[in-house]
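2 protein chains.
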Amino acid sequence: MDETDFLRGYDPNAFQRPSVTVDLVLLGVRNGKPAVLLLKRDQQPYQGRWALPGGFVGIDETLDAAAARVLREKAGIGHAHLEQLYTFGAVDRDPRMRIISVAYLALLTETAFDAALQAMPALLPAAIQVPWSGEAGGPVSVVSPENGALTLAFDHADILATAVLRLRGKLDYSDVGFALLPELFTLRQLQDVHEAILGTSLNKPAFRRRLLDKGWLAATGAYEAGTAYRPAELYRFQRP
Amino acid sequence: MDETDFLRGYDPNAFQRPSVTVDLVLLGVRNGKPAVLLLKRDQQPYQGRWALPGGFVGIDETLDAAAARVLREKAGIGHAHLEQLYTFGAVDRDPRMRIISVAYLALLTETAFDAALQAMPALLPAAIQVPWSGEAGGPVSVVSPENGALTLAFDHADILATAVLRLRGKLDYSDVGFALLPELFTLRQLQDVHEAILGTSLNKPAFRRRLLDKGWLAATGAYEAGTAYRPAELYRFQRP
DNA sequence: ATAAGATATATGTATCTTGCATATTAGTAT
DNA sequence: ATACTAATATGCAAGATACATATATCTTAT
């Protein structure tokens, strides 16, 4: 921008400024399906609807810091893979005032997912149903066992759909998938996570070979225990 | 966010709000290399440095509309491929005040690039030099024939690097590459654009087959004219 | 006219990747 | 022991890709 335009924003009272928030898609895999953690709105607008946890960005707080703070304050999670997703800026996305929201994707291991539910009982885990295949895109729906199909507040259904799309797109060319797994995991667990996110079943030997060839997997020599069949070896994620 | 937190932002005077801008990476291909259009800052801070065109987001303006407006007002371009890139929110990215900037990537055909230079003589075309290969990422540098190496204002070098990274990543799984070409083009022109963006040379027969197989190309039956050699057929982009 | 030169277009082949079927291994349960 | 289950390993066909080479079509020079 040039200086002339800058002056429009320089005087804090001369022009109205939007509020800026972060909204978090807390995403994990439960029962072989992608799941998200939601909070019920107890005020208007969208009272009684379910919403993504979010919060205002402080004037001296980076976007990443705001996302990390919301993750801590609203979900009790100290550490998770956090990445900026997309910024939603429709004028009427909040009926009260102009709010621009920077959406973040938080990937949770099953342990972190359950720990968040323990720490914050207001959180509702809901399964994400993706009615399109591949990276076609489109709306997704959210269902919880007790409450049935949920209608999300604001444009949060769009945010959630964007999150699923992003995750599907990045899954096999990047290492984000490991953020959904514990430190030690079997190849079957890894494949289950990929199948849950992609919504398809994958060929086992091909999946194994492909992932092993990427150099992301370090065999530990340890094996899972307590199985009624041959135990699988435990692997650890390592950057190549 | 819940209602308690919302009240922090509801009263416009209770808490300071950041300003929100859009910054545009106006990207094209010139002389076989990626190029960007820049504006010189005539005021502090970063006086005399080169910057990406940008502007404040109006209180009743969507982010996409703000980006389209800046494209029109600062580059005189009515139509271009515009996509949101990333939102930059470091606290000190502007020394005067807190400004969060939503960066957009605008892809220009060579015609649009030249038309912008004609319409807005203040714009400087500069070549982007990418010192890393593939999608490794990292800083990029900017050079203009007359001015030599340029140092960009603010965090605009980061924004530019993000743009290059995004474009490289999307180039061969999406159809964005066609946004850099005129309506009718030869396969050689298409390959030249890909090579410029990727920074590598590609195998000609393999490239042809791969793109033809994607179903994005419609042969027109027309051929380029005035060549000192066999004329190439002209193709048109079509969604499959 | 004819040949030379340049580049488009087409094709053939080796190599690499991927999908699928099948065999082998290591554990528990009966 | 034998059956059962799932992990692990291997073999092979099908597909994709890189590279080399051949053919086609235009202009320019002689």
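Protein sequences, first through last, are from chains A and B.
Position 93 of the first sequence, counted from 1, bears residue number 92 in numbering that gives the first Met the number 0, the numbering being contiguous throughout.
Position 131 of the second sequence, counted from 1, bears residue number 130 in numbering that gives the first Met the number 0, the numbering being contiguous throughout.
All residues carry an ideal CB built from backbone N, CA and C; glycine is no exception.
Per-residue contacts from residue i into chain A (C-beta, under 8 Å)
| i | result |
| --- | --- |
| B/Pro17 | Arg16, Val19, Val56 and Ile58 |
| B/Gln83 | Tyr85 and Thr86 |
For residue j and residue i, the rounded distance between their alpha carbons
| i | j | result |
| --- | --- | --- |
| A/Ile76 | B/Gly147 | 49 Å |
| B/Glu223 | B/Leu26 | 26 Å |
| B/Arg97 | A/Val19 | 12 Å |
| A/Phe112 | B/Gly136 | 32 Å |
| A/Arg29 | B/Leu179 | 43 Å |
| A/Trp215 | A/Leu189 | 12 Å |
| B/Ala102 | A/Asp157 | 20 Å |
| B/Arg16 | B/Val175 | 35 Å |
| A/Arg95 | A/Leu37 | 21 Å |
| B/Trp131 | B/Pro33 | 14 Å |
| B/Gly220 | B/Leu233 | 7 Å |
| A/Ala195 | B/Glu109 | 43 Å |
| A/Val35 | A/Lys73 | 14 Å |
| A/Asn202 | A/Gly31 | 16 Å |
| B/Pro124 | B/Ser100 | 22 Å |
| A/Val21 | A/His155 | 12 Å |
| A/Leu183 | B/Ala114 | 57 Å |
| B/Ser140 | B/Gln42 | 23 Å |
| A/Leu51 | A/Pro204 | 38 Å |
| A/Ala126 | A/Val142 | 5 Å |
Residue i: contacting residues in chain A (beta-carbon distance under 9 Å)
| i | result |
| --- | --- |
| B/Leu62 | Thr86, Phe87, Gly88, Ala89 and Ile99 |
| B/Gln190 | Going along chain A, no residue has its Cβ under 9 Å from B/Gln190, so there is no contact; the nearest lies around 23 Å. |
Start and end residues, beta strand (DSSP E) containing residue i
| i | result |
| --- | --- |
| B/Ala218 | Leu216 to Tyr222 |
| A/Gly75 | First-last for A/Gly75: undefined, no H or E at that position. |
| B/Ala160 | Note, B/Ala160: premise wrong, no beta strand (DSSP E); alpha helix (DSSP H) at His155 to Leu170. |
| B/Leu149 | Gly147 to Leu149 |
| A/Glu232 | Glu232 to Phe236 |
| A/Val141 | Ser140 to Ser143 |
Residue from the options whose Cα sits closest to the Cα of residue i
| i | options | result |
| --- | --- | --- |
| B/Arg71 | B/Ala118, B/Ala205, B/Gln83 and B/Gln46 | B/Ala118 |
| A/Thr86 | A/Leu23, A/Leu183, A/Pro230 and A/Thr150 | A/Leu23 |
| A/Asp171 | A/Gly133, A/Ala156 and A/Phe184 | A/Gly133 |
| A/Ile58 | B/Asp93, B/Arg235 and B/Pro144 | B/Asp93 |
| A/Leu107 | A/Val21, A/Val192, A/Arg207 and A/Asp212 | A/Val192 |
| A/Arg40 | A/Gln237, A/Leu81 and A/Leu151 | A/Leu151 |
| B/Arg207 | B/Ser200, B/Leu186 and B/Val129 | B/Leu186 |
| B/Lys213 | B/Ile196, B/Leu197, B/Gly198 and B/Phe236 | B/Phe236 |
| A/Ala64 | A/Gln43, A/Glu82 and A/Ala227 | A/Glu82 |
| A/Leu211 | A/Pro230, A/Arg238, A/Ala195 and A/Ile196 | A/Arg238 |
| B/Phe14 | A/Trp49, A/Gly31 and A/Phe55 | A/Phe55 |
| B/Thr199 | B/Val129, B/Ala231, B/Pro144 and B/Glu145 | B/Val129 |
| B/Arg48 | B/Ile99, B/Leu122 and B/Ala114 | B/Leu122 |
| B/Pro44 | B/Leu159, B/Phe153 and B/Leu149 | B/Phe153 |
| A/Leu84 | A/Pro52, A/Leu197 and A/Leu159 | A/Leu159 |
| B/Phe177 | B/Ala217, B/Val141, B/Asn202 and B/Val90 | B/Ala217 |
| A/Arg209 | A/Val142, A/Ser173 and A/Pro181 | A/Ser173 |
| B/Pro242 | B/Ala50, B/Leu164, B/Leu116 and B/Ala79 | A query on residue 242 of chain B cannot be resolved here, the shown segment of chain B reaching from 0 to 239 and no further. |
| A/Gly240 | B/Leu197, B/Ala66 and B/Pro204 | Given that chain A is displayed from residue 0 to residue 239, the structure contains no residue 240 of chain A and the question cannot be resolved. |
| A/Leu104 | A/Leu116, A/Tyr228, A/Leu62 and A/Gly225 | A/Leu62 |
| A/Leu197 | A/Pro120, A/Leu164 and A/Thr226 | A/Leu164 |
| A/Gln46 | A/Pro144, A/Glu145 and A/Leu149 | A/Leu149 |
Extent of the continuous alpha helix (DSSP H) run through residue i
| i | result |
| --- | --- |
| B/Arg208 | Lys203 to Lys213 |
| A/Glu182 | Note, A/Glu182: premise wrong, no alpha helix (DSSP H); not H, not E. |
**OP:** With a floor of 4 residues, list each alpha helix (DSSP H) that falls wholly inside the stretch 81–136 of chain B, ordered by position along the chain.
**Re:** 109–118
Original post:
What are the complete beta strand (DSSP E) segments, minimum 3 residues, inside the stretch 4–60 of chain A?
Top reply: 18–29, 32–39 and 53–55
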